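Take a look at the structure below.
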Amino acid sequence: MNQALLDRIKSDYPKFRVIPGERFSFRPPKTIVYETDAENFELLLLHELGHALLGHRFFAIDVERLKMEAAAWEKAKELAHNYDVAIDEELIQTELDTYRDWLHQKSRCPKCGLTRYQTPDSRYHCPSCEAFKSNKK
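Under my numbering, the residue at position 97 of the sequence shown is numbered 421, and the numbers go up by one with no gaps.
This is the structure:
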């Protein structure tokens, strides 16, 4: 843990509550949680600060979550220059891959394996299986 960075962020952004916890996260609207013994502490903290500064709240459809994660990483890269934190592109892409993999798994049709699409009501639909059902009438 980089106490100097933590103190500086708390000073620079007093409207946010920055607290230790079990894993890095942003809890809208104003709480940033950090792991005290995490590898890559600095960049992960800036990522969560990115969520906070971008005003991220909740997502309606799953692809929005991936977009929010990517945006928070872009913000973290901007912030890294201000705080003299090294940018690790491999770490960023590895972190984003967890969301890409999650989205791929959620969107895969359990019946036929094709990629489903999600509607604004958060439901997934398979173009193949649902088309097959409607043709069987």
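Ideal placement from N, C-alpha and C gives every residue a C-beta, glycine not left out.
Keep in mind it's a predicted model, so treat the numbers as computed, not measured.
Length of the line joining the Cα atoms of residue i and residue j
i: proline 344; j: aspartate 331; result: 13 angstroms
i: leucine 420; j: alanine 394; result: 7 angstroms
i: proline 444; j: aspartate 386; result: 10 angstroms
i: aspartate 412; j: alanine 404; result: 10 angstroms
i: cysteine 450; j: cysteine 436; result: 9 angstroms
8 angstroms CB neighbourhood of residue i in its chain, flanking five on each side removed
i: phenylalanine 348; result: Val357, Tyr358, Glu359, Ala362, Leu368, Leu369, His371 and Glu372
i: arginine 381; result: Pro352 and Pro353
i: arginine 432; result: Leu438, Thr439 and Arg440
Residues near residue i by beta carbon distance below 7 angstroms, same chain, minus five either side
i: lysine 461; result: With a pLDDT of 48 at lysine 461, under the threshold of 50, the modelled position of that residue is not reliable, and the figure given next carries that caveat. Closer than 7 angstroms at the Cβ level, and outside the excluded window around lysine 461, lies no residue.
i: asparagine 326; result: Phe365 and Glu366
Any non-hydrogen atom of the ligand GDP within 7 angstroms of residue i CB
i: methionine 392; result: Summarising the ligand content, the structure contains no ligands, and the ligand GDP is consequently not present.
Own chain partners of residue i with C-beta closer than 6 angstroms, once the 5 adjacent residues on each side are dropped
i: valine 342; result: Lys334 and Ile356
i: phenylalanine 340; result: Lys354, Ile356 and Ala376
Segment limits, beta strand (DSSP E) that includes residue i
i: phenylalanine 382; result: Counting along the chain, phenylalanine 382 falls outside any beta strand (DSSP E), and DSSP gives it neither H nor E.
i: serine 349; result: 349-351
Alpha helix (DSSP H) segment containing residue i, residue limits
i: phenylalanine 365; result: 365-377
Selection from the options that minimises the alpha carbon distance to residue i
i: alanine 396; options: Ala384, Leu378, Lys435 and Lys430; result: Leu378
i: alanine 384; options: Glu454, Tyr448, Pro434 and Ser452; result: Tyr448
Under 8 angstroms: do the region 389-407 and the region 419-426 share three or more Cβ pairs, one atom per stretch?
Yes, they touch.
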